[in-house]
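Right, one structure below, let's go through it.
Numbering (the working numbering), first residue to last: 773 to 1093.
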């Protein structure tokens, strides 16, 4: 059997070389595992569909939840006096709003829990007794970039893009000349009958777009929702309002056993005078805010940047005078 001389210098040199190689390999592996340059050390497969809490008068908590494991990512930003929504206006192109994370007024937090968390539970000022935060990490620095887009719509049943007209969104169509673009105007022709009540509600052509087959009661080539005299009897629709309540729909007569509104009955030609225009126009604004977090470190979670996700919500707006 071959014997080794453990005091032989050549043998010791070979052992030392082998150990050095092993040490280098282990060091490289550790360096790769601990590298915090754009490497997330925790698996964060959130759906990126954000929500927000409004129960604090001083801040908005914008968050994403995940189950299995039970986790949350939260961004807290300041809330102004009488501020109902986090964002209401679009940000300029290529110029997002910036929030500098400071662990005070602006915070970015990662948490894990002992069980799944409901939306209401996360927003509760007093959490349920059986809900426990297992891990709690907060970034001490970083920047949140928020890009906001808005989409306004009068919800009259016609897609906004079909109401822009030849000028597009930059110069939108205003059929009745009342200063309110058609895509924001609930009554496009100012006849006191809202556009949504003058469309092809039966979807006769099957395309689910009322603008392609709108009602045209008098067959004059102008759809009712753009026609100031829907039945073509020479009396404006607005003037066929018998009780002058600015609602021609509820003024009817019986013709051949059928109740028909005066403004749709060419045999009814009484002019009741001008009741005035309705002044309750309202449209909705849909806000889409996209969040990008950069330069943060949770100790167990670090990255050069993280796509936090998108927050979407809508609210009504009265037409400004």
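In this text, a Cβ means the ideal position worked out from N, Cα and C, and glycines have one as well.
Chain-order list of residues whose beta-carbon lies under 6 Å from that of residue 839 (same chain, five-residue window excluded): Within the chain shown, residue 839 is the residue found at index 67, counting from 1. The residues are 888.
Measuring CB atoms only, is the stretch 1079 to 1087 touching the stretch 1048 to 1055, in the sense that at least three cross pairs come out at less than 8 Å? no
Find the nearest neighbour of residue 842 within the set 871, 989, 1020, 894, judged by alpha-carbon distance. Taking the first residue of the chain shown as position 1, residue 842 is located at position 70. The option with the nearest alpha carbon to residue 842 is 894.
Option in 1034, 923, 996, 1000 with minimal Cα separation from residue 949: Start at 1 with the first residue of the chain shown, and residue 949 comes out as number 177. It is 1000 whose Cα lies nearest to the Cα of residue 949.
For residue 926 and residue 938, I'd like the C-alpha separation in whole angstroms. Locating residue 926 in the chain shown gives position 154, counting from the first residue. Locating residue 938 in the chain shown gives position 166, counting from the first residue. Their Cα atoms are separated by approximately 19 Å.
Residues near residue 811 by beta carbon distance below 8 Å, same chain, minus five either side: Along the chain shown, one-based indexing puts residue 811 at 39. Note that residue 811 has pLDDT 45, beneath the 50 cutoff, so the model's placement of it is unreliable and the number below is only indicative. Hits under 8 Å: 1074, 1075.
Among 896, 875, 890, 855, the one whose alpha carbon lies nearest that of residue 916: Here residue 916 is taken as the residue at index 144 of the chain shown, counted from 1. The shortest Cα separation from residue 916 among 896, 875, 890, 855 belongs to 875.
Can the beta-carbon of residue 1006 be found closer than 7 Å to that of residue 992? Locating residue 1006 in the chain shown gives position 234, where the first residue counts as 1. Locating residue 992 in the chain shown gives position 220, where the first residue counts as 1. No, the pair does not count as a contact, with Cβ atoms beyond the cut-off.
With contact counted as at least three CB pairs below 8 Å, one residue from each stretch, are the stretch 953 to 969 and the stretch 1009 to 1029 in contact? yes
Quick one: residues in its chain with C-beta nearer than 7 Å to the C-beta of residue 872, no 5 flanking neighbours on either side, listed in chain order? Working through the chain shown from its first residue, we reach residue 872 at position 100. Within the same chain, residue 872 has close Cβ partners 878, 915.
Would you kindly work out how many angstroms separate the C-alpha atoms of residue 799 and residue 862, rounded to a whole number? Taking the chain shown and counting its residues from 1, one reaches residue 799 at position 27. Taking the chain shown and counting its residues from 1, one reaches residue 862 at position 90. In this prediction, residue 799 has a pLDDT of 42, which is less than 50 and means its spatial position is unreliable; nothing more can be read from the coordinates.
To the nearest angstrom, report how far apart residue 945 and residue 1071 are at their CA atoms. Within the chain shown, residue 945 is the residue found at index 173, counting from 1. Within the chain shown, residue 1071 is the residue found at index 299, counting from 1. When rounded, the distance between both Cα atoms is 55 Å.
Evaluate residue 982 with the Cβ neighbour count: other Cβ atoms within 10 Å of its Cβ, from every protein chain shown; 16 or more gives buried, anything less gives exposed. Translated into the one-based positions of the chain shown, residue 982 becomes position 210. Residue 982 should be labelled buried.
For residue 859 and residue 912, I'd like the C-alpha separation in whole angstroms. Translated into the one-based positions of the chain shown, residue 859 becomes position 87. Translated into the one-based positions of the chain shown, residue 912 becomes position 140. Rounded to the nearest angstrom, the two C-alpha atoms are 25 Å apart.
At the level of alpha carbons, what is the spacing between residue 1087 and residue 1056? Translated into positions along the chain shown, residue 1087 becomes position 315. Translated into positions along the chain shown, residue 1056 becomes position 284. Whole-angstrom Cα-Cα distance: 6 Å.
Within its chain, find whatever has a CB closer than 8 Å to the CB of residue 977; leave out the 5 residues flanking it on each side and keep chain order. Locating residue 977 in the chain shown gives position 205, where the first residue counts as 1. Closer than 8 Å at the Cβ level, and outside the excluded window around residue 977, lie 984, 985.
Grab me the residues of residue 825's own chain with a C-beta within less than 6 Å of its C-beta, minus the 5 sequence neighbours each way, in chain order. Reading the chain shown from its first residue, position 53 is the one you call residue 825. Answer for residue 825: 833, 895, listed in chain order.
Can you find the residues in the same chain that come closer than 6 Å, C-beta to C-beta, to residue 935, ignoring five residues on each side of it along the sequence? Here residue 935 is taken as the residue at index 163 of the chain shown, counted from 1. Counting only Cβ-Cβ distances below 6 Å, and skipping sequence neighbours, we find 954, 955.
From the DSSP secondary-structure annotation, give me the bridge partner or partners of residue 921. Translated into the one-based positions of the chain shown, residue 921 becomes position 149. Residue 921 pairs with 1060.
Residue 1090 burial status per 10 Å Cβ neighbour count (16 or more: buried): For the purposes of this step, residue 1090 is taken as residue 318 along the chain shown, with counting starting at 1. Answer is exposed; the Cβ neighbour count stays below 16.
At what residues does the beta strand (DSSP E) containing residue 1083 begin and finish? On the chain shown, residue 1083 is found 311 positions in, with the first residue counted as 1. Where residue 1083 is concerned, the enclosing beta strand (DSSP E) stretches over 1074 to 1090.
Under a Cβ-count criterion, where at least 16 other Cβ atoms within 10 Å of its own Cβ denotes burial, should residue 854 be classed as buried or exposed? For the purposes of this step, residue 854 is taken as residue 82 along the chain shown, with counting starting at 1. Exposed: under 16 other Cβ atoms inside 10 Å.
Give the C-beta separation of residue 910 and residue 881 to the nearest angstrom, bearing in mind that I take them to be a contact with Cβ-Cβ under 8 Å. Position 138 of the chain shown, counted from the start, is the residue given in the question as residue 910. Position 109 of the chain shown, counted from the start, is the residue given in the question as residue 881. Right, the Cβ-Cβ distance comes to about 5 Å (below 8 Å), so this counts as a contact.
Can you grab the Cα-Cα spacing for the pair residue 1029 / residue 821, in whole Å? As a position in the chain shown, residue 1029 is number 257, starting the count at 1. As a position in the chain shown, residue 821 is number 49, starting the count at 1. In a straight line, the C-alpha of residue 1029 is about 55 Å away from that of residue 821.
Using the DSSP secondary-structure output, state which residues sit across from residue 845 in a beta bridge. Walking along the chain shown from the start, residue 845 turns up at place 73. Note: residue 845 sits in a beta bridge opposite 836, 882.
Range covered by the alpha helix (DSSP H) that runs through residue 893: By 1-based counting over the chain shown, the position of residue 893 is 121. It spans 891 to 895 - the alpha helix (DSSP H) in which residue 893 sits, taken as one unbroken run.
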